[in-house]
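Residue numbers (this note's numbering), protein chains in the order written: chain A, 1 to 216; chain B, 1001 to 1216.
Glycine is no exception: its CB is placed at the ideal position from the N, C-alpha and C atoms.
Just below is one structure, and these are the notes that go with it.
There are 2 protein chains.
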Amino acid sequence: MTTAAAIYQQLHAAIISLELQPGMPLQEKVLAEEFGVSRTPVREALLRLAEAGLVEIFPQSGTFVSRIPLSAIPEAVVIRKSLERTTVERAAQVAAAEDIARLDAIIARQRAHASLSDASLFYAEDEAFHEAISAIAGYPGIWTLVKTVKLQIDRARRLTLPVPGRMATVTEEHTAIRDAIAAHDVKSACEAMMRHLGAVIPDVTALRQHHPDYFA
Amino acid sequence: MTTAAAIYQQLHAAIISLELQPGMPLQEKVLAEEFGVSRTPVREALLRLAEAGLVEIFPQSGTFVSRIPLSAIPEAVVIRKSLERTTVERAAQVAAAEDIARLDAIIARQRAHASLSDASLFYAEDEAFHEAISAIAGYPGIWTLVKTVKLQIDRARRLTLPVPGRMATVTEEHTAIRDAIAAHDVKSACEAMMRHLGAVIPDVTALRQHHPDYFA
DNA sequence: GCGTCGAAATTGATATACTAGTATGACAAA
DNA sequence: TTTGTCATACTAGTATATCAATTTCGACGC
């Protein structure tokens, strides 16, 4: 992998995890020194991050970690629902036994991580579940698209307090989706997915009070 | 606008219009000389094009105009249908009189361009129509997303022979969508849009015969 | 308090050079 | 003839130094 790609990944992860706070300045020169490389790969990484909406570049002025665009979050949720409705409906139509087995394996790992309260591993399996449904539907590119769209939602969610028992709730919702797919019940698969995605919308107003300068 | 952005736009247009043929090599050095700039802005433009899937960069080897990924086109159509179903349904719910007027204005211009057989202006208004629906629905970002997804579809369509009377057909389909939105008839608005988008799928097998080396 | 000027800072772009993979073709060996 | 190896040329990736263009911001004078 190239140096630029590595820097992109590191900055990407740091911004998503809020390790780099929204609004924080990012200077090419400083980053280049920190990473021990020249400005060139740093620039490439920042340009890609700007396209993803994770940093904002103001020419001849400065580069900053983007503030979370609260106004765009409802639209992002709508887009995600639209796309994942498509994948789950198709998956419910075409899923084979081995596909269900894959989903079961993911849910099982999720349960294990939930019982150990390992949020990071749990989150990874959550993503794997949705990605698997996209793959089962035969539309793997849709998950790629969803990932880019859900970026800002995830950042906002990181700011919400962890709700006790939420991992268990998510696992139950996943199980409901899995059951509907296994039963080839398109309608209830769709409904279960909509319930699941509807529950993930962060409480915008509360966030704004606690972290006023994190949002645009 | 920056030099890099200008170069990006020029290359983007040239690739979409097939002026730059799929598979054609693009050398940073050569492009830099042609545009009369240094390698840096050319690189930035190529990197953005690579993210959009319009060029393929093979490190330490070469950069090429991407071949059209025929296998990805069905998925792109599914994604577009999914997203535009969402916008048209919402638009049918919330459209005001002035919104309908905007659609009418676009359709009127389209009719004019069709009667003069000006394909390029007609195409621009076609895009404006879908963009307007996205805006009316309150989800302008969805059109941005659709634009990126439909890139490869558009390239493939450029290779198909112009069908006589297609402009008239498209205008009729747009009118049907407009009427359903004006009537706040969500169901038939959706159906009209699906008919419209279903008619745009290029004939993949025929293309492959005529331009075998344009596809991946 | 307000407007203006100018220095400092930052990204944008250039030029050059070097590194490290990759493709190519010639050539030798089987 | 086929196969494997090697030398070569070529390309993108990175480094470095420098200048340009623009914005930011504080000092200064009014």
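Decide if residue i is buried, meaning its Cβ has at least 16 other Cβ atoms within 10 Å, or exposed.
i              : result
residue 163/A  : exposed
residue 110/A  : buried
residue 144/A  : exposed
residue 215/A  : buried
residue 1071/B : exposed
residue 152/A  : buried
residue 99/A   : buried
residue 43/A   : buried
residue 134/A  : buried
residue 996/B  : Chain B is shown only over 1001 to 1216; residue 996/B falls outside these bounds and no answer can be derived.
residue 24/A   : exposed
Which residues of chain B have a Cβ atom closer than 7 Å to the Cβ of residue i, listed in chain order?
i             : result
residue 214/A : By Cβ distance, chain B contributes nothing, its closest Cβ being about 20 Å from residue 214/A, past 7 Å.
residue 141/A : 1072 and 1075
Run through chain A and tell me which residues come within less than 8 Å of residue i, C-beta to C-beta.
i              : result
residue 1045/B : The premise fails here: residue 1045/B is roughly 10 Å from chain A at the closest Cβ pair, so nothing lies under 8 Å.
residue 1048/B : 47 and 51
Over the uninterrupted beta strand (DSSP E) stretch that includes residue i, give me the two end residues.
i              : result
residue 57/A   : 55 to 58
residue 215/A  : From DSSP, residue 215/A is part of no beta strand (DSSP E); its letter is neither H nor E.
residue 1065/B : 1062 to 1065
What residues from chain B crowd round residue i, counting only those whose CB sits closer than 8 Å?
i             : result
residue 238/A : Residue 238/A lies beyond the residue range present for chain A, which begins at 1 and ends at 216; the question has no answer from this structure.
residue 145/A : 1079, 1145 and 1149
With residue i and residue j assumed to form a contact (beta carbons below 8 Å), what rounded beta-carbon distance in angstroms separates them?
i              : j              : result
residue 92/A   : residue 186/A  : 5 Å
residue 1189/B : residue 1201/B : Going by Cβ atoms, the distance from residue 1189/B to residue 1201/B rounds to 20 Å, so no, they are not a contact pair.
residue 1138/B : residue 1170/B : Contact doesn't hold; Cβ gap of about 25 Å is too wide.
residue 1155/B : residue 1068/B : 5 Å
In terms of DSSP beta bridges, what is residue i paired with?
i              : result
residue 1015/B : Residue 1015/B pairs with nothing; no bridge assigned.
residue 1068/B : 1215/B
residue 41/A   : Answer by DSSP bridge pairing: none, since residue 41/A is not bridged.
residue 1025/B : 1064/B
Output the boundary residues of the alpha helix (DSSP H) element that contains residue i.
i              : result
residue 198/A  : 186 to 198
residue 93/A   : 73 to 94
residue 118/A  : That residue, residue 118/A, is in no alpha helix (DSSP H); it is neither H nor E in DSSP.
residue 147/A  : 140 to 149
residue 1002/B : Segment: none, residue 1002/B is in no alpha helix (DSSP H) and carries neither H nor E.
residue 1175/B : 1166 to 1182
Going along chain A, which residues have a C-beta under 7 Å from residue i?
i              : result
residue 1082/B : 82, 83 and 86
residue 1059/B : 2
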